[in-house]
Each structure stands twice: as structure tokens, then as C-alpha cells.
Amino acid sequence: MSSNPHYALLQARLETLNAQELLIEDESHLHAGHAGNSGGASHFRATIVANCFETLPMIAQHRLVYDLVRDLIPFPIHALALKTRAPSKGTS
1 MSSNPHYALL QARLETLNAQ ELLIEDESHL HAGHAGNSGG ASHFRATIVA
51 NCFETLPMIA QHRLVYDLVR DLIPFPIHAL ALKTRAPSKG TS
């Protein structure tokens, strides 16, 4: 959990998936000095395990997630890396 407002925005959107597992990591520090890094939290990685992914191929899972955050990218969130799966597909 982070007190960063961008993290909170992202978390609120992703929580609508009612995921069994939701892990959001702020990786902005890994991009310090790179184009697209404004110095704040802007690069995230999300791991999501959700029942709504059960019948969807990975590309459709990712589209579903990106549709939830479309208005947050590229600002205030510059990058979002995803790892998604259905609960029945084993461990991540």
C-alpha cells in the first residue's frame, strides 16, 4: 500500500475486478532519469488473479485491465506492466 495518489487511483480502478489477488508495485525508481518519468510515481507493475479472467485469453485479460485505466495513461501513469491469470490456472 502506498500513500501516493497515483497508486491510489490505480488501486481503486483495479479493485473493481474483485480479484482474489491484487499486487501493485511502484517501479518508478527504476526509471529515474528516463523519458516519461516526472519524478513521481508513474511506473507500475500489477499482478492480478481474478475469476473474470477465467474464460479469457491473456490478451483479452490485459485489454480488460487497460480499459479500466485508459484515462490514466499516459498521464498521470506513464507505464503499467501486467501479469494476469485466472485462479484455476495455477500459481503466478
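32 is the number that our numbering gives to position 32 of the sequence shown; each next residue is one higher, with no gaps.
In this text, a Cβ means the ideal position worked out from N, Cα and C, and glycines have one as well.
Considering only residues of the segment 14–79, which uninterrupted alpha helix (DSSP H) runs meet the minimum length of 4 residues and lie entirely inside it, listed in chain order? For the segment 14–79, whole alpha helix (DSSP H) runs of length 4 or above, ordered along the chain, are 58–69.
From D26, P74, P87 and V49, pick the residue whose C-alpha is nearest to that of E15; which is it? V49
Tell me whether S91 is buried or exposed, calling it buried when 16 or more other Cβ atoms sit within 10 Å of its Cβ. First, the residue type needs correcting, since residue 91 is Thr and not Ser in the sequence shown. Answer is exposed; the Cβ neighbour count stays below 16.
So, is N18 buried or exposed, given that buried needs 16 or more other C-beta atoms within 10 angstroms? Here N18 is exposed: its Cβ has fewer than 16 other Cβ atoms, across all protein chains shown, within 10 Å.
Using 10 angstroms around the beta-carbon of F75, count the other beta-carbons present and answer buried if the total reaches 16, otherwise exposed. exposed
Based on DSSP bridge pairs, tell me the residues matched to T84. I48
Count the other CB atoms within 10 Å of the CB of L10; is the residue buried (16 or more) or exposed (fewer)? buried
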